[in-house]
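**Student:** Structure in structure tokens, see below.
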Amino acid sequence: MAPDEWERVKLVFDIARRLPKAERESAVRSLCADAPHLVDPILDLLANHLSSTIENPRLYATAATALSCGDVVGGRFKIVRFIAAGGMGEVYEAFDLSLNHRVALKALRLDLLTEPDALVRFRREILISRDVSHESLCRVYDFIEHECEDSYDTVRRVPCLTMELLEGESLASVLESKRPLEIPEALRLLREIGGGLSALHDRGIIHRDLKPSNIVLARRRNDVVRAIVTDFGLAKIDEAERNLFESHANFRAGAPFFMAPETLRTGQVGFASDIYSFGMLIDEMVTRSRAFPARSLPELYYAKLWESPIPPSKRSSSLPEHWERTILRCLEPAPEDRFERVCDILDALEGNIKSTARQSKGLPSTGGTAVALVPERGVEPVPQLAAIPTAQPRASLLRRQAPWAAAAAAVVCGTVVLGVVAYPTRTAAARDPLATTIEVFDITNETRRAEYNHVCSGTTQEVMRRLMNVEGVRVVPLRAARAHAPARTVAPFSLDGALQADDKRTVLSVSLTDNKDGSLVWSERFDSARIGRALDLQENIAENVVAALQRRLAARSSQVQGPAERLTRVAWRVRQVLVGPSDSLLGRPPTRSNAAFDLYTRGRELMEEISPESTTSAVTLFERALQEDPSFALASASLAEAHIGRMNYNAPDPGSIEKARQYADLAVRLDPELAEAHAVLASIQQMQWDWTAAEASYLHALKLKPGYARARRWYAGYIAQNGRFQEAFEHLRRALADEPFDRATPTTQGFLLLMADKAEEAIKVLEETVEGRGALGTRRNLGQAYARAAYLSQGAKRKLYFEKAFIEAQRVAAAEARYQSKTGERPRPSVADEMFAQFHLMAGNAGAAEPYVRRLQRDLDHNLLSPVTMAWVECLRGRNSRALDLLESAANWKDRRLLYLKVSPFLETLRGEPRFKALVNRMRL
Amino acid sequence: MKKANVLDPPAIGQPDAPGAVTLLLQRWRTGDGDVEAELVSHFYPDLKRIAQVRMRTERADHTLQPTALVSEFFLQLAKQEHLTWESRSHFLAMASTAMRRILIDYARAHDAGKREGSRIRIQLDDLALPHRGSLYDAAELNELLDRLEAEEPRMAKVVDMRCFGGLTHEEIGEILGVDARTVKRDWQVARAWLFGQLRKGQVDGAG
């Protein structure tokens, strides 16, 4: 066929294919009346045209995928790769063209959504689950109906959803090779999975299909592996199970092994059926075999509906008794006999007595507060109470407790006498330090209500702060690094907590774990009323932690506990009730006003956001806290900090530093023992070039609180500016030991290495830091380190480093472009401009640098850019006198960026200039 | 415009300094047809390496998914060569034809004297057929596409770009300078033609 004939063929084909089959032939014949030799080829093509799925019923079964690589779904998600097919549809890797990131895209098969309202339900649940955010849940992004016409030429709508692309192994495949799991490992995973499931339940979402293949052990940022629950809200047939029960087409969606009997019987799903599946999951993880052995689907149905599970202990020799009870309770045939909530299961697995108490029917629930068995504050619980097996009947628990209640009463009567022996006062603690380390996790907000964020972070911070006051106790904050911990325990004890809520109540549960054997040392739940009294809450947690630590450490040193010792402990608690917490070994609470404290924690929360708006709001909150309680030193110190923070964003304003200084001074006056106050004062004195005072304040802050990593980090920066780098790195090492997961410390380390002109070492540190979440500043430093390394080397190495430097600049530019598309305004000054200008100049390409330099100059003219930054650029342009002009003008209002004047390798060409020396002298560096 | 020697290493130190592939792509886009062979030969060795590594390490079932290979190669190359997202479709368009050749060469070398079951198959999801699925014998497919190219080169290009490069109709249209509807029509006709030939082949073979 000649090319022009092909065009004709295509045209006729295109017209005919849209017609009903019966009319096609006559249409082709009339259209090709003048070229009859084309009729047969065209009819042949039409016969081989894939016209519709209805005419090709087998197409679904044999065509590998509904979407093809390169398809763009919803005008936005470009299919990159087919990942897997399941009963519910296919999963692809897709590239989100508008946000430039990889996602997983699931295309659903409509023919499997058999219930008429399935699609409606599905869509609704996607919409809800999109709003549920939990670190153990696969994030769901969007629901899209993809119209696809081209493959089958009738218009089909494929419902698709995009979600987080998880890279890792499924729990199913892990269990295949490694089952049963050790109890601590299983518990760790179950905590994560349970957290995710709880989060769903709290939002009214039923998972419907919880099973090992829906749990992914995924590597997220920071390289942390975490169990992540996927595919919630869907009912899906697992491919393996489909094969297993292939002959029985008439089975219900979902994984029958893990499905609750009521689901098998009537298709009914509810929270209780998820609880059942969770129980099956626990069983699957820690036993060698399945609770219901079955070789066929009917056999499985029969077993699930009419038989009892084989007790886990029969299938696993070393399973703790309370685990067996927990599993069996999850697997109760009647939904109402199972645990009510996932957190109760976790509590039970951890051997927490409180959930056990609610276990026996008929016991009234007391709305999240400690139930009858849990002694009120001030009455000593039996030390081993927490270790009593979970399913202990209530009566026997009461019997156990009775003698101790009596003892407590006796002690109350004898308080006056016993007050003398009450040992853990501050001085006593000093004599006999606890000498241990606790890692403190952020209390997680599992309520998904942002208004609780500050309660969680505030409580964590304050408990931590107060524990730091206890002599001998070292506190390691695991901030934002929660997930590291299971794999990397750094301390003998862990303090962890979670805030959970449903319609009726809000509960904060806090627990202290002995990492040696994973046992629970102390745990407690606080209801809304107690959460509302933030100060008491923190006091209570901190005190109980210290008391529990003392008990545990004492028990370790002398395995046998004599009655005298127990009596002493009870006496101590009684004394606390009578004397009040003010004189406890924890030091004073920061304020007496709950309202002030609440404002303060809200402010701290905002400070974490590190944005101009949030910092400004934080200023207001701290001011109000200080109005509420004028003696609130910590609020005053934070107010000073917030004023400094604002200077990062605003045009140079001498007023800010004055205000900061005023509040720092006030904080020190209000509480001379407050390390935070001295540290913030030190950093202000540093900015005011009052070197002697700054150093003294830093040292004082660190003396008051040696484990205060942030102050140590600041101090390291201070001593580095005078060229005392070795000392500075020593302090950074110590800061890192105190707060191993603090990202700011390696960032500072990288920057100081750069200032020490150890570019290659800086690169090493910064590359690691930037890996997970690269803040712009860190990227800039990394880029500068590359550029500096390139500048100092030759040949291929030089080329490579410059290339890397420019990649960082491009990344920053991309981030700024995203910011611009989000907010509609160009970030000014632009970090990318600064980087491009510097790197082009260092690479000897002044022409390429020109546009960036012009933009920087414009920002400088508008007072948006620090003259010091411009001076670096001018230095590279060889315009030394202009650079010196800029530095001198910066010196007039003590620009913060001048602090590294003496050491910065980027100003090296100025070192010999008399004006430079004069400037150094003027600063008394 | 300053004429750069396209095979020079990419200029270093300029973020927007294009790499060799980028320059070649630019020339190709401006209608310099001669550059095509040069472009393909430039990235042919790397593309081949990727295909071989994939075959050796991953595909126990002797099945290749060309689009994934090409896409992966683009991502690797983009990092070294400062390729922008915009140049992606052009790159894939070029790479798709090369990919077909590589897979066919590879399959030939591998299949020589092999039993049916161990021969290399190419998975083309876009060319899934009700009665035969989406797996194609490399040599058979290649022969058909060569014939199609001789008959109607543009349709063959569309098939290459779609099946081997994973490009959308819109992208293909942009590259070929026609609109997406035309591409879609080409694709449907080409697909029907391929299916017809395959079916005929079976009948012939049986007879």
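Chains A and B, in that order, give the protein sequences.
Note that this note's numbering numbers the first sequence so that position 798 is 798, with each residue one more than the last.
Just add 925 to the spot in the second sequence (first one is 1) and you have this note's numbering.
All C-beta atoms, glycine included, are put in the ideal place defined by N, C-alpha and C.
Computed from a predicted model, the values in this text were never measured in an experiment.
For a contact defined as C-beta to C-beta under 9 Å, what are the partners of T947(B) on chain A?
**Tutor:** None at all; the shortest Cβ gap to chain A is about 14 Å.
**Student:** Please determine if the region 608-627 of chain A and the region 542-554 of chain A are in contact, where contact requires at least 3 C-beta pairs separated by less than 8 Å.
**Tutor:** No, they do not touch.
**Student:** Mapping the DSSP letters down to three states, classify E1133(B) as helix, strand or coil.
**Tutor:** With chain B covering 926 to 1132 only, the question about residue 1133(B) has no answer from this structure.
**Student:** For F784(A), does the count of other Cβ atoms within 10 angstroms reach 16, so buried, or fall short, so exposed?
**Tutor:** With the sequence shown as reference, residue 784(A) is identified as Gln, and Phe is not the correct amino acid for it. Label assigned to Q784(A): buried.
**Student:** For the region 673-700 of chain A, which segments carrying the alpha helix (DSSP H) assignment without a break, of at least 4 residues, lie completely within its bounds, in sequence order?
**Tutor:** 675-687
**Student:** E321(A) to A186(A), Cα distance in whole Å?
**Tutor:** Here the alpha carbon of E321(A) sits roughly 15 Å from the alpha carbon of A186(A).
**Student:** Pull up the DSSP beta-bridge partners for S523(A), would you.
**Tutor:** S511(A)
**Student:** Return the residue from the list T778(A), C69(A) and L537(A) that minimises the CA-CA distance to E93(A).
**Tutor:** With distances taken between Cα atoms, E93(A) lies closest to C69(A).
**Student:** Does any C-beta atom of chain A lie closer than 9 Å to the C-beta of R1110(B)?
**Tutor:** Judged by the 9 Å Cβ criterion, R1110(B) is in contact with chain A.
**Student:** Cα separation between L31(A) and L46(A)?
**Tutor:** 14 Å
**Student:** Just list the residues that DSSP pairs H101(A) with in beta bridges.
**Tutor:** D96(A)
**Student:** S133(A): which of A199(A), F95(A), I183(A) and V103(A) sits nearest, CA to CA?
**Tutor:** A199(A)
**Student:** With the cut-off set at 9 Å, would you say L1073(B) and W1112(B) are in Cβ contact?
**Tutor:** Contact check for L1073(B) against W1112(B) fails: the beta carbons are separated by 9 Å or more.
**Student:** Checking contacts by CB at 9 Å: is H49(A) closer than that to chain B?
**Tutor:** yes
**Student:** Can you find the residues in the same chain that come closer than 8 Å, C-beta to C-beta, to E7(A), ignoring five residues on each side of it along the sequence?
**Tutor:** none
**Student:** Using a Cβ cut-off of 9 Å (strictly closer), state whether A386(A) contacts chain B.
**Tutor:** With a pLDDT of only 28 at A386(A), under the threshold of 50, the placement of this residue in the model should not be trusted, and no figure is reported.
**Student:** Looking only at C-alpha atoms, which of D202(A), L99(A) and V91(A) sits nearest to G75(A)?
**Tutor:** In this structure, L99(A) is the residue among D202(A), L99(A) and V91(A) with its C-alpha nearest to the C-alpha of G75(A).
**Student:** Can you tell me which of W306(A), V174(A), A642(A) and R208(A) puts its alpha carbon nearest to the alpha carbon of A334(A)?
**Tutor:** W306(A)
**Student:** Using the beta-carbon count (16 or more within 10 Å), is Q627(A) buried or exposed?
**Tutor:** exposed
**Student:** Verify the CB distance criterion: does S636(A) have a CB-CB separation below 9 Å to chain B?
**Tutor:** no
**Student:** Along the alpha helix (DSSP H) that carries I1100(B), what are the first and last residues, could you check?
**Tutor:** I1100(B) -> alpha helix (DSSP H) spans H1094 to L1101.
**Student:** Alpha carbon to alpha carbon, what distance is there between A775(A) and H207(A)?
**Tutor:** When rounded, the distance between both Cα atoms is 36 Å.
**Student:** From what residue to what residue does the alpha helix (DSSP H) around Q500(A) run?
**Tutor:** Unbroken run through Q500(A) is the beta strand (DSSP E), F493 to A501; no alpha helix (DSSP H).
**Student:** Please name the residue or residues paired with K106(A) in a DSSP beta bridge.
**Tutor:** V91(A) and L161(A)
**Student:** Is it buried or exposed for Q794(A), if we count other Cβ within 10 angstroms and need 16 for buried?
**Tutor:** exposed
**Student:** With distances taken Cα to Cα, identify the nearest neighbour of S683(A) among R669(A), E658(A), D671(A) and E673(A).
**Tutor:** E658(A)
**Student:** For R102(A), which residues in the same chain have their Cβ closer than 8 Å to its Cβ, ignoring the five residues on either side in sequence?
**Tutor:** For R102(A), where only same-chain residues beyond five positions count, the Cβ hits under 8 Å are V80, E93, A94, F95, D96 and L165.
**Student:** List, in chain order, every chain B residue whose beta-carbon is nearer than 7 Å to that of D14(A).
**Tutor:** R1110
**Student:** Cα-Cα, which of R882(A), R879(A), R924(A) and R911(A) is closest to L899(A)?
**Tutor:** Nearest in C-alpha terms to L899(A), of all of R882(A), R879(A), R924(A) and R911(A), is R924(A).
**Student:** Inspect the beta-carbon positions of L473(A) and E439(A) and report whether they are closer than 9 Å.
**Tutor:** The sequence shown places Val at residue 473(A), not Leu. Not closer than 9 Å, so no.
**Student:** Strictly by DSSP, which residues pair up with T444(A)?
**Tutor:** Answer is A498(A).
**Student:** Measure the C-alpha to C-alpha separation of L175(A) and L181(A) and round it to an integer number of angstroms.
**Tutor:** 8 Å
**Student:** Just grab the DSSP bridge partners of P477(A) for me.
**Tutor:** In the DSSP assignment, P477(A) forms a beta bridge with V440(A).
**Student:** Helix, strand or coil, according to DSSP, for D959(B) in the structure here?
**Tutor:** It is coil, neither helix nor strand.
**Student:** With 9 Å set as the bound, which would you pick, yes or no: does the beta-carbon of M464(A) sit closer than that to a beta-carbon of chain B?
**Tutor:** no
**Student:** Exposed or buried, P1078(B), counting other C-beta atoms within 10 Å across all chains shown (16 or more means buried)?
**Tutor:** exposed
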